[in-house]
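**Student:**
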Amino acid sequence: MGNWVAIGKLAGRVGASYSCDRMSGLSRRSFLHASGLAFLALAARRLAALVRPRPADDVPWKVQQVLKQLFGDRPIQAGHVQLDVPTVAADGRVVPVMIESDLPMSPDGYVKAIHLLVDNNPDIHLAGFRLTPQIGQAFVSTRIKMRMTSPVRAIVETSDGALWSAAADVGVTVNGCG
Amino acid sequence: MPGELGAARILVPTGIRRGDVIDVRALVEHPMATGLFRDPEGKPIPAHFINDVSVMYGDQEAAHFVWTSGVSRDPFVEFSLRADREAALTFTWKDNKGGVFTQTVDITFVA
Chain A
1001 MGNWVAIGKL AGRVGASYSC DRMSGLSRRS FLHASGLAFL ALAARRLAAL
1051 VRPRPADDVP WKVQQVLKQL FGDRPIQAGH VQLDVPTVAA DGRVVPVMIE
1101 SDLPMSPDGY VKAIHLLVDN NPDIHLAGFR LTPQIGQAFV STRIKMRMTS
1151 PVRAIVETSD GALWSAAADV GVTVNGCG
Chain B
6 MPGELGAARI LVPTGIRRGD VIDVRALVEH PMATGLFRDP EGKPIPAHFI
56 NDVSVMYGDQ EAAHFVWTSG VSRDPFVEFS LRADREAALT FTWKDNKGGV
106 FTQTVDITFV A
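In order, the protein sequence lines correspond to chains A and B.
Residue numbers are given in this note's numbering: position 11 of the first sequence equals residue 1011, and the series is strictly consecutive.
Residue numbers are given in this note's numbering: position 102 of the second sequence equals residue 107, and the series is strictly consecutive.
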């Protein structure tokens, strides 16, 4: 019990020395309550981060700028795209990427372009593949360089202007970009 | 010649029938230098990469790729093609230093 009093005195003194009114106004009980709540909130955030190890879900500002430049304000929906990348690429110089879409390739509706973006590369918009209905199936496979662990995004643009996307995180151990 | 800048190979399956959707694979030998690396003496290696690829099927462009130096060394690409006529399939790779490399393969059908 003596310890608690000491901490309370210390808290009071810290509060006073910085003349922080809110701090000095706190009773020991409410201070402990507040710190307990703060600890719980932090723990919850840590847990949430563990449950959701997918930074691919949120698009960083620099990538949003690139997307805006490419597609304007057109909405990008998830789906219709299958992106096949390794979860961990040992060599960032050669990372195999396969992009496939189940969208049709007929003259009255086809995949006009497949775009490949890597968030943490010097060139975010790594490649664009413009296709025609002559390409019987919306499918492209290539090998790319990656500077560091990063989300990889595939965005498919159809002839009527719709945008579909898929994203995946790729861990990179050896820098492939310099 | 293999090992030479711009040496290219195109691979299409054998025994194509009219209307088949075939797999086309192409590889061109190119350093794809990003401009961010240095040589052993510490001098920067200037950027040298293919940024434009055109695929002509007969007299029509079937696909057109826009690349950056982020595509790996000796860039490889694989895609599909609806083989509905017998014609030449020609790849033209262009790099940022004005280099142009072409390779052609004939799409022919089995009898």
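Ideal placement from N, C-alpha and C gives every residue a C-beta, glycine not left out.
The structure displayed is predicted, hence computed values, not measured ones.
Specify, as a first and last residue, the run of the alpha helix (DSSP H) that residue 1070 (chain A) falls within.
**Tutor:** 1061 to 1071
**Student:** Could you say which of A:1144, A:1175, A:1091 lies nearest to residue 1154 (chain A) if we only look at CA atoms?
**Tutor:** A:1144
**Student:** Would you check if the distance between the CB atom of residue 1079 (chain A) and the CB atom of residue 1105 (chain A) is smaller than 7 Å?
**Tutor:** no
**Student:** Measure the Cβ-Cβ separation of residue 1085 (chain A) and residue 1114 (chain A) and say whether it is below 7 Å.
**Tutor:** no
**Student:** Pop quiz: residue 1174 (chain A) and residue 1117 (chain A) are said to be a contact at Cβ under 8 Å. What is the actual Cβ separation, rounded to whole angstroms?
**Tutor:** About 21 Å separates the two Cβ atoms, so there is no contact after all.
**Student:** List, in order along the chain, the chain B residues whose C-beta lies closer than 7 Å to that of residue 1151 (chain A)?
**Tutor:** In chain order: nothing, as chain B lies at least about 14 Å away.
**Student:** Please return the same chain residues whose Cβ sits closer than 6 Å to the Cβ of residue 113 (chain B), not counting the five positions on each side in sequence.
**Tutor:** 91
**Student:** From the DSSP secondary-structure annotation, give me the bridge partner or partners of residue 1128 (chain A).
**Tutor:** A:1115, B:71
**Student:** Distance, Cα to Cα, residue 58 (chain B) vs residue 19 (chain B)?
**Tutor:** 24 Å
**Student:** Under a three-way DSSP split, which group does residue 104 (chain B) fall into?
**Tutor:** coil
**Student:** For residue 1171 (chain A), which residues in the same chain have their Cβ closer than 6 Å to its Cβ, ignoring the five residues on either side in sequence?
**Tutor:** For residue 1171 (chain A), where only same-chain residues beyond five positions count, the Cβ hits under 6 Å are 1088, 1149.
**Student:** CB residue 1151 (chain A) to CB residue 1167 (chain A), shorter than 7 Å?
**Tutor:** yes
**Student:** Thinking just about the alpha-carbon of each residue, which of B:89, B:82, B:51, B:12 is nearest to the one in residue 5 (chain B)?
**Tutor:** Beyond the ends of chain B as shown, which are 6 and 116, falls residue 5 (chain B); an answer cannot be given.
**Student:** Going along chain B, which residues have a C-beta under 8 Å from residue 1121 (chain A)?
**Tutor:** Chain-order list of chain B residues neighbouring residue 1121 (chain A): 75, by C-beta distance under 8 Å.
**Student:** How about residue 1124 (chain A): is its C-beta nearer than 7 Å to some C-beta of chain B?
**Tutor:** no
**Student:** Given a limit of 7 Å on CB to CB distance, which residues of the segment 1137 to 1163 of chain A reach chain B?
**Tutor:** Here the close residues are 1137, 1139, 1140, 1141, 1142, 1143, 1144, 1145.
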